[in-house]
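K.L.:
Protein chains in written order, with the working numbering: chain G, -15 to 645; chain L, -15 to 645. Positions of the beta carbon are idealized from the N, C-alpha and C atoms, including for glycine. Sending over a structure as structure tokens; questions will come in a sec.
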């Protein structure tokens, strides 16, 4: 199992130091005996990574100079997974993106027959950054005399500075075209995190293929802010007495390989380098029926544009999943802090640059939560009280992408909801300024694009947009999207009211939907081929909860054009195996209009077919002093909620069990 | 203390049977020794209720025919509370609304000097319903030959039927003016709750002053639905192993009289007959400073309009707080189901019709919740992991208003947030129809205004709107509302962005705000007189989270005109002692345009003064089969979040304490 294979390949990946550090984190004993029943949707195993690489090498496609930006399971066709029974054999395919010099190739590999099914060059793309790009960047900077001299002029020796390898985006700037470039804002090292000590006014653009500093800018001198480190805070706040989760008889979930079962739920999990946590094959046991709800759900892209025109800042318009990898940025979860001590912690294997893999220990945690709330209740003066306590299951991953820390939770409830949650913590992107307080004459100008959060530091305004790809399969593969609009109407008598007018979206154009609370609509996925309770078409709603944000970038802004999935909160497409990432496959320095805008231009039919929902969750972030230095978690969530799917409240039959009375 | 006084007065109130039943509910031992330090904002004690009544009687204002619809503390002036020190004496005033025959009087009583300060008739109003109104309604119906005969014709003896005493609203119907009327839809009794067995097509309008059935309608025959009771569900769902909250060293909060302290928070709680749970005097201990945030917060009104034109249904447009009383509808909370077993349960005394009081046992619970989430975290590849687990405090009440069950939570977090939550469970309002399934020919017509949730039952479409009155005092009494709009702008270089344009609302008209995610704005209350961190004006944001709904009723609809607070999600008024209820004081059969629309017509100044926020939380409810028979809890919440109030993340100094590693 994963746990025994920790660190085997880490040394090769260039992340050795980091991984050593990870080893310091404790790992809980599994609450459940884990078996390892294989499943067709399992991620590639350590052996399979190595095997795929060996096949490519034997076939003569790769050599020692080859680097893998992608190496992952090529998902088998949905219909083959659906007819598969546990214990049956299945074939395994892998997909790779290989960078060789300035060329990029896509490969499809059959691990069963050990053959390369396809080897195709993809032109004019820059695949995701890899660890070697980071290492090269740091080396090139350290060897660059001009850069070292400029830092020395500021009083910093090379080992007193750390730089961030940031993507450039694409702003149609001719001198940046056709090169693999990394932009490097730097920070002064010191006590605690570097991110509160930005060195403004100086950066390099490094060409990691040409092995040189391609551009160097030294255009302003701002004293580096000197705020106390987060970790040295002193206070007289009293420690709380312990409060934990009490499970005297153990956990209620089981893990068999990558299949998790809890209460009436079953689903498959895996951690992929790009998308991070992927849940698949989500079913609910409804009486004697295993009913399908969600075939696959994951983060497909993540767009974080900052709102400052400074030459070092304007390009901070990250597509984190496609540029860095959401899973590749996975971090170990700390027992008792990141997840309760009662959690089961699971490792994950992530492919490295060389076609092998390294293990992130405690990359995922699974735990149950007594919400403290009832699942339902009713008190009646004559017939008494009835109610049940609510428990939910949480599957969580965490990723640190530079300064930011993200959590992705998939929460499963006893009343049939699936609730993805996005947590954001870590450090805001801080910009150094002269202003020390809002009373300074420079304050208004310095805080034009952010908030002064500490003397000399601006938390720069920014957004976070997450595209969730949700391959829904409500009671089967063929589904439709119904827009159930709440429409004001005069009704008989003295009253007006809203009534529901339902419309099935026929094509992609009819399903580009923005959330508007003044003209509310229910977004309902349903199966028109099945007869649900009292002959309703069984369905699930996508409910945005607190995760709505409109992009405020101009449609012509290149940053927007690379992340145009943010134009709508909901898109619906017919399933296509190669449509996985909302902003396109190759987003690093990538082209405009890729992904959803390009795919949906055809306006394909989406009625009663295998449809995929793309939900753009988002939030604007105007930083506040309270976000400094490390911000409190900001949680945003949406949910899939059953709607005429079950024949009654699915939490009704929760056992009265361990209530106190 | 309250716990010892259970049931003392219950027998008088006509709620004896119900209260007997309440006694069956277990009550936990308090986790903390309770003392009883009096506070000027404490609710009237049992003695004070009796004393106030005695003073009115001695002064000759009331007699045996007098009935109290209101009897409560008259809040002392804010400034007197703020200078008060624990242990100091303070005077107590009471406010009463007394109904004598068809007349209504308001009284102000000085309990210290035992004098009646004011006794004033209020003309042309119908004060809130009282228990005697319900009892009279049932008696009048049972004695009405026509009604009894009509039920007999349907096959029901009087003791096989239960009717709901529903308010009529006000639809400018001349024959209803000037009478105290109650409308009575009825249900067939049987196993489980009556609410799944409505008897459609027959109702009475009872005049509880004239002691007669004023109107009787018998206009349709619909067979009563026969669905299994919620409580007799059988299933093979496995009981989960116990999962609870573990607090080996006890709770972290203390209760002193009505003052609760937890972590850095302190606040006062009470349960009022109309508003339910009121929190007051909310402070945060910030280093050596006790900083004020919220002087008082409570539900000020609750509007639940149903969307069916049927003659029995159109008038279901309840203003539950003003018509029935949100606190008066309080129910005991069940340990282990409604609240965790680790909760402290507190009783509450509610005035009865006669100017005495009865006790609701376990009316409030207080508990801590390990959220399972970190308060904050950051992982860095070189400098390691830092984070803290998050705990929150919940103070909860529950109210059952007919078929619906509501929870109001006030949640306090370690990072300085106050998060009010609304939970809704219980039974939807079900309407009996002929349709048994959506395949029936009658299905479309029968479900025009709701959802077929079971054979013969429509869950009728409706809304819930809650007006929260939030008397904010950020670092002092005088505050302003700043609208910080996120405005798209061309910035230098290739980029566009949003920038913040702040505007202080000068008068009430500038602070009638609707939430629009396409043109986002931050709603910020701030104190322009104080210098906060780095000289920001300290502030708090009101953030709607998932609690936004626009009313879809026509502005001319009488139902809307009685609840016009729903026109805007946010209103701001200058503090006025007599402006407490968003739809006005006398909402039962009440006039149009009362409360916020009337008060703000003056367009008073609200800049740098003592302001009150009125937040209209809301949600549309299109019922679903899964809401049947008892709906899973639907939670909606908003929050007050510090914004440049603290000088850093206020959760930063949480002790590393009982982390697992």
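Alpha carbons only, please: which of L:94, L:80 and L:95 is nearest the one belonging to residue 88 of chain L?
P.N.:
Residue L:80 is the option with its Cα nearest to residue 88 of chain L.
K.L.:
Rounded to whole angstroms, what is the Cα-Cα separation between residue 41 of chain L and residue 56 of chain L?
P.N.:
Those two C-alpha atoms are separated by around 17 Å.
K.L.:
For chain L, check one thing: does any of its Cβ atoms lie closer than 8 Å to the Cβ of residue 291 of chain G?
P.N.:
Answer yes: the Cβ-Cβ gap between residue 291 of chain G and chain L drops below 8 Å somewhere.
K.L.:
Return the chain-ordered ranges of every beta strand (DSSP E) run that is complete within the segment 333 to 376 of chain G and spans a minimum of 3 residues.
P.N.:
You should have 341 to 364.
K.L.:
Quick check on residue 310 of chain G - is its C-beta less than 8 Å from some C-beta in chain L?
P.N.:
So, not an interface residue.
K.L.:
I need the straight-line Cα distance from residue 410 of chain L to residue 218 of chain L, nearest angstrom please.
P.N.:
Going from the Cα of residue 410 of chain L to the Cα of residue 218 of chain L covers about 20 Å.
K.L.:
Rounded to whole angstroms, what's the CA-CA distance from residue 326 of chain L to residue 317 of chain L? Just pull it up for me.
P.N.:
For residue 326 of chain L and residue 317 of chain L, the distance between alpha carbons rounds to 13 Å.
K.L.:
For residue 372 of chain G and residue 323 of chain L, I'd like the C-alpha separation in whole angstroms.
P.N.:
The alpha-carbon atoms of residue 372 of chain G and residue 323 of chain L are separated by roughly 10 Å.
K.L.:
Taking 8 Å as the CB-CB limit, is residue 17 of chain L close to chain G?
P.N.:
At residue 17 of chain L, the pLDDT of 46 sits below 50, so the modelled position is not reliable; the number obtained from the coordinates is stated separately. Taking Cβ atoms only, chain G never reaches closer than 8 Å to residue 17 of chain L, which makes this a no.
K.L.:
Can you tell me whether residue 320 of chain G is helix, strand or coil according to DSSP?
P.N.:
Residue 320 of chain G: coil per DSSP, three-state reduction.
K.L.:
Starting from residue 135 of chain L, trace the alpha helix (DSSP H) both ways and give me its first and last residue.
P.N.:
Residues 129 to 137.
K.L.:
If we require 4 or more residues per run, which alpha helix (DSSP H) segments fall completely within the segment 515 to 577 of chain G?
P.N.:
Entirely contained in the segment 515 to 577 of chain G, the alpha helix (DSSP H) runs reaching 4 residues are, in chain order, 542 to 546.
K.L.:
Using a Cβ-Cβ cut-off of 8 Å, state whether residue 641 of chain G counts as contacting chain L.
P.N.:
Chain L contact via Cβ: present.
K.L.:
Mind checking residue 143 of chain L: buried by the 16 CB within 10 Å criterion, or exposed?
P.N.:
By the 10 Å Cβ count, residue 143 of chain L comes out exposed.
K.L.:
Would you say residue 233 of chain L lies against chain G (beta-carbon separation less than 8 Å)?
P.N.:
Yes - at least one Cβ of chain G is within 8 Å of the one on residue 233 of chain L.
K.L.:
Considering only residues of the segment 135 to 213 of chain G, which uninterrupted beta strand (DSSP E) runs meet the minimum length of 3 residues and lie entirely inside it, listed in chain order?
P.N.:
Runs of the beta strand (DSSP E) inside the segment 135 to 213 of chain G: 145 to 147, 165 to 172, 182 to 191 and 196 to 202.
K.L.:
By the criterion of Cβ-Cβ separation under 8 Å, what are the contact partners of residue 614 of chain L in chain G?
P.N.:
Result: 360, 361, 362, 370, 633 and 636.
K.L.:
Considering only DSSP beta bridges, list what residue 244 of chain G is partnered with.
P.N.:
Partner(s): G:239 and G:251.
K.L.:
DSSP on residue 592 of chain G, reduced to helix/strand/coil?
P.N.:
The answer is coil: DSSP assigns residue 592 of chain G none of H, G, I, E or B.
K.L.:
List the endpoints of the continuous beta strand (DSSP E) containing residue 627 of chain G.
P.N.:
623 to 627 is the span of the beta strand (DSSP E), which, as asked, contains residue 627 of chain G.
K.L.:
Within 8 Å of any Cβ in chain G, is that where the Cβ of residue 574 of chain L sits?
P.N.:
So no, residue 574 of chain L is outside the interface.
K.L.:
When the cut-off is 8 Å and only beta carbons count, does residue 106 of chain G lie next to chain L?
P.N.:
No - not a single Cβ of chain L is within 8 Å of the one on residue 106 of chain G.
K.L.:
If you follow the alpha helix (DSSP H) that residue 583 of chain L is in, where does it begin and where does it stop?
P.N.:
Residue 583 of chain L -> alpha helix (DSSP H) spans 580 to 584.
K.L.:
Determine the direct distance from the alpha carbon of residue 140 of chain L to that of residue 514 of chain G, and round the result to whole angstroms.
P.N.:
Cα to Cα, residue 514 of chain G sits roughly 39 Å from residue 140 of chain L.
K.L.:
Under 7 Å between beta-carbons, which chain G residues line up against residue 530 of chain L? List them in chain order, please.
P.N.:
Ordered by position in chain G, the residues that pass the 7 Å Cβ test against residue 530 of chain L are 529 and 530.
K.L.:
Kindly indicate the opening and closing residues of the beta strand (DSSP E) around residue 480 of chain L.
P.N.:
Counting along the chain, the beta strand (DSSP E) containing residue 480 of chain L begins and ends at 480 to 488.
K.L.:
State the Cα-Cα distance for the pair residue 502 of chain L and residue 531 of chain G, rounded to the nearest angstrom.
P.N.:
Rounded to whole angstroms, residue 502 of chain L to residue 531 of chain G spans 13 Å at the Cα level.
K.L.:
According to DSSP, residue 499 of chain L sits in a beta bridge with which residue or residues?
P.N.:
Answer by DSSP bridge pairing: none, since residue 499 of chain L is not bridged.
K.L.:
Could you check the C-alpha separation between residue 652 of chain L and residue 526 of chain L for me, to the nearest Å?
P.N.:
Limits of chain L in this structure are -15 at one end and 645 at the other, which puts residue 652 of chain L out of reach.
K.L.:
What three-state label does DSSP hand residue 34 of chain L in the structure shown?
P.N.:
Note: residue 34 of chain L maps to helix in three-state DSSP.
K.L.:
By Cβ distance, which residues of its chain are closer than 8 Å to residue 460 of chain G, with the 5 residues on each side in sequence left out?
P.N.:
Contacts found: 276, 511, 513 and 514.
K.L.:
Quick one: list the residues of chain G neighbouring residue 533 of chain L, beta-carbon separation under 8 Å, in chain order.
P.N.:
Residues of chain G passing the Cβ test: 501 and 504.
K.L.:
Does the Cβ of residue 590 of chain L have 16 or more other Cβ atoms within 10 Å, making it buried, or fewer, making it exposed?
P.N.:
Residue 590 of chain L is buried by the Cβ-count criterion.
K.L.:
Here's the rule I'm using: 16 or more other beta-carbon atoms within 10 Å means buried, otherwise exposed. How should residue 33 of chain G be labelled?
P.N.:
It is buried - the Cβ of residue 33 of chain G has at least 16 other Cβ atoms within 10 Å.
K.L.:
Is residue 504 of chain L near residue 622 of chain L, with beta carbons less than 8 Å apart?
P.N.:
For residue 504 of chain L and residue 622 of chain L, no; Cβs fall outside 8 Å.
K.L.:
Are residue 201 of chain L and residue 300 of chain L close, meaning C-beta to C-beta below 8 Å?
P.N.:
Their beta carbons are not under 8 Å apart, which means residue 201 of chain L does not touch residue 300 of chain L by this criterion.
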